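Working notes, beginning with the structure itself.
Protein chains in written order, with the numbering used here: chain E, 1 to 454; chain L, 455 to 630.
Rendered as structure tokens:
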């Protein structure tokens with residue numbers, strides 16, 4: 001449709017060719033203005049390489065926007081009362097036009113966001129992008145990842161089906177193991193000793209207002225800080241080398257638009273063919289068997305089968321602290337922007353990952369069928385045999401891997417630096433986490449016993 | 455700030471401390487009051503939020519039934535009260551909370567095996583709620599059992615945690 005009629009008469013009378021030339025320049029001006037609020041006018045040509053960032057940060061932003069929009073739509077139809085929550089979701093699924101689709105987009109965007117932000121974290125670590133004054137943004141990124149998980153977690157209860165009820169019951173019971181004030185924290189979140197109306201109200205308020213507001217604030221800061229730090233990380237320039245620049249529009253903008261479109265298409269298609277799951281209505285009397293947490297917490301739940309909850313939380317705390325301290329532990333700035341730091345670093349990463357592939361299933365199987373510390377050490381309290389000992393064994397494995405890598409035994413006595421050894425440990429940690437999650441998802445059946453998925 | 459700090463006392467001719475000018479004093483007071491207000495708001499917020507627990511969700515004293523109705527050695531599930539009422543062989547009563555002390559799943563009474571089983575991590579508990587598994591080093595929580603006019607009542611206000619099952623957790627109706 002032509003918008004010719006709203007233009008002033010004088011402009012309409014202008015020569016047509018002239019008017020055509022004028023119009024795109026105005027559009028471009030507005031567009032550029034918007035883009036240049038977010039991006040610099042020119043970006044280093046090397047920063048545009050897709051296989052460097054894989055667009056993971058941008059993909060996450062698109063997913064957050066999708067979550068906001070579909071979340072708003074869902075709020076018009078959802079009823080956060082225990083008696084009606086499940087029914088309102090059922091109506092959404094069966095009676096409301098596009099209700100099932102909107103819910104599916106929300107569900108899958110949230111799940112993909114966990115994956116995208118996790119991969120983003122891995123990418124940033126592997127390229128050493130927390131270096132050269134980017135330590136604050138690294139920590140903000142970690143906080144954002146925790147907030148993504150928290151947003152997922154608070155949304156998990158809302159459908160009020162068996163899956164959500166028991167996943168939240170199990171996860172909040174975990175809070176009660178925090179020493180001294182654990183039970184108080186649990187009761188604070190649930191608004192009582194068990195999951196009920198108060199818990200649903202809490203989670204609803206946290207999910208629709210608190211988490212999005214917090215996430216938006218931190219996300220804005222995260223994006224602003226990328227520019228403040230001089231754009232995304234890049235390898236150091238060689239002596240006498242001059243950086244080449246390309247204009248943001250269209251070079252960067254085109255890539256971003258393409259990535260954004262692909263995300264929209266993938267999420268949309270996926271949501272069309274895979275509706276969001278909805279179990280039977282929550283029944284506090286009968287937990288399903290097996291009662292599993294959300295898939296992204298199944299790695300932790302798997303650890304809980306082997307150790308005391310406090311040991312699991314201590315390990316989690318140590319891992320989080322180690323990740324947060326990474327910029328101060330690995331201060332070798334000259335290998336920034338290079339995947340795995342170097343060729344040797346890549347070998348260390350492969351070694352760490354393969355070691356996890358070997359050790360994690362072995363440890364899981366051995367614990368299931370063979371070792372039984374409480375029976376072997378009958379004199380000791382259970383807190384020691386399933387808590388303290390497994391905790392220190394796990395920490396010792398990490399320390400041992402570090403010194404093994406540093407010793408150079410595995411790489412024909414080639415010298416391996418501190419920074420490269422850390423890549424090996426990181427690879428071991430992340431591969432272990434992924435493997436534990438896979439065991440939790442696919443290899444745990446009735447009574448959480450080990451089963452084959454095929 | 456620094457400039458004023460040096461100038462002000464002489465200018466005013468007042469007996470003010472040389473380190474704290476009037477402006478500094480007011481500034482610091484404002485910060486202190488602001489901090490106090492923040493603490494007040496925080497505390498009020500926590501009190502406001504922590505009182506949300508909806509009353510009656512977890513009951514008060516519940517009447518379960520007549521004492522004679524329970525056969526010794528039986529286990530009865532009371533769904534509304536979230537507990538199992540155990541009538542011991544020697545006619546004592548014990549009400550155990552249905553939640554597994556490990557991660558809060560509802561334990562099931564397996565009458566064939568005479569034990570409680572938690573389906574979440576397959577923790578098992580004996581008939582008196584004592585633990586016999588390596589994951590949970592705690593017996594099932596219990597509620598106090600009361601007897602009034604020949605009726606068994608259970609006070610479900612708050613489950614009482616315990617390390618082990620002890621004989622004193624079992625209540626006996628008074629003879630006669």
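No residue lacks a Cβ here, since even glycine has one placed at the ideal position from N, Cα and C.
Model, not experiment: these values are computed from the prediction.
Taking residue i as the reference, which of the options has the closest Cα?
i, options, result
"residue 260 (chain E)", "E:204, E:60, E:148", "E:60"
"residue 547 (chain L)", "L:514, L:615, L:583, L:499", "L:583"
"residue 536 (chain L)", "L:501, L:563, L:592", "L:563"
"residue 253 (chain E)", "E:125, E:25, E:38, E:269", "E:38"
"residue 235 (chain E)", "E:152, E:380, E:130, E:298", "E:130"
"residue 390 (chain E)", "E:355, E:327, E:356, E:304", "E:304"
"residue 47 (chain E)", "E:227, E:328, E:297, E:373", "E:227"
"residue 257 (chain E)", "E:26, E:27, E:35", "E:35"
"residue 340 (chain E)", "E:109, E:123, E:358", "E:123"
"residue 108 (chain E)", "E:147, E:270, E:250", "E:270"
"residue 608 (chain L)", "L:550, L:573, L:556", "L:550"
"residue 42 (chain E)", "E:251, E:404, E:280", "E:251"
"residue 459 (chain E)", "E:350, E:151, E:440, E:443", "Any question about residue 459 (chain E) goes unanswered here, given that chain E covers just 1 to 454."
"residue 328 (chain E)", "E:422, E:263, E:112, E:387", "E:422"
"residue 112 (chain E)", "E:438, E:378, E:67, E:26", "E:67"
"residue 600 (chain L)", "L:487, L:518, L:526", "L:518"
Give the range of the beta strand (DSSP E) segment to which residue i is assigned.
i, result
"residue 42 (chain E)", "42-44"
"residue 550 (chain L)", "547-551"
"residue 532 (chain L)", "528-532"
"residue 624 (chain L)", "Residue 624 (chain L) -> no beta strand (DSSP E), and no H or E assigned at all."
"residue 602 (chain L)", "599-602"
"residue 245 (chain E)", "245-247"
"residue 606 (chain L)", "605-609"
If you reduce the DSSP assignment to three classes, tell me which class residue i lands in.
i, result
"residue 502 (chain L)", "helix"
"residue 417 (chain E)", "coil"
"residue 518 (chain L)", "strand"
"residue 510 (chain L)", "For residue 510 (chain L), the predicted model reports a pLDDT of 46, less than 50, meaning its position is unreliable; a value from the coordinates is still stated below. In the structure shown, residue 510 (chain L) sits in coil (DSSP, three-state: anything other than H, G, I, E or B)."
"residue 294 (chain E)", "coil"
"residue 459 (chain E)", "Residue 459 (chain E) cannot be examined here, being either before or after the span of chain E that is shown, 1 to 454."
"residue 540 (chain L)", "strand"
"residue 478 (chain L)", "helix"
"residue 178 (chain E)", "coil"
"residue 352 (chain E)", "helix"
"residue 336 (chain E)", "coil"
"residue 221 (chain E)", "helix"
"residue 81 (chain E)", "coil"
"residue 596 (chain L)", "strand"
"residue 614 (chain L)", "strand"
"residue 145 (chain E)", "helix"
"residue 585 (chain L)", "strand"
"residue 130 (chain E)", "coil"
"residue 91 (chain E)", "helix"
"residue 194 (chain E)", "coil"
"residue 370 (chain E)", "coil"
"residue 33 (chain E)", "helix"
Per DSSP, residue i is paired with what?
i, result
"residue 571 (chain L)", "L:562, L:578"
"residue 450 (chain E)", "E:444"
"residue 161 (chain E)", "E:281"
Give the C-beta separation of residue i and residue j to the nearest angstrom, bearing in mind that I take them to be a contact with Cβ-Cβ under 8 angstroms.
i, j, result
"residue 428 (chain E)", "residue 401 (chain E)", "6 angstroms"
"residue 170 (chain E)", "residue 322 (chain E)", "Not a contact, Cβ separation roughly 26 angstroms."
"residue 288 (chain E)", "residue 162 (chain E)", "5 angstroms"
"residue 114 (chain E)", "residue 157 (chain E)", "Contact doesn't hold; Cβ gap of about 17 angstroms is too wide."
"residue 172 (chain E)", "residue 188 (chain E)", "Contact flag wrong, Cβ pair sits at about 10 angstroms."
"residue 285 (chain E)", "residue 567 (chain L)", "Incorrect: roughly 20 angstroms between the Cβ atoms, too far for contact."
"residue 53 (chain E)", "residue 232 (chain E)", "6 angstroms"
"residue 215 (chain E)", "residue 147 (chain E)", "5 angstroms"
So the alpha helix (DSSP H) residue i belongs to, where does it begin and stop?
i, result
"residue 313 (chain E)", "309-329"
"residue 272 (chain E)", "253-273"
"residue 473 (chain L)", "Segment: none, residue 473 (chain L) is in no alpha helix (DSSP H) and carries neither H nor E."
"residue 111 (chain E)", "99-126"
"residue 401 (chain E)", "389-407"
"residue 60 (chain E)", "56-75"
"residue 50 (chain E)", "50-53"
"residue 376 (chain E)", "373-376"
"residue 229 (chain E)", "Note, residue 229 (chain E): premise wrong, no alpha helix (DSSP H); not H, not E."
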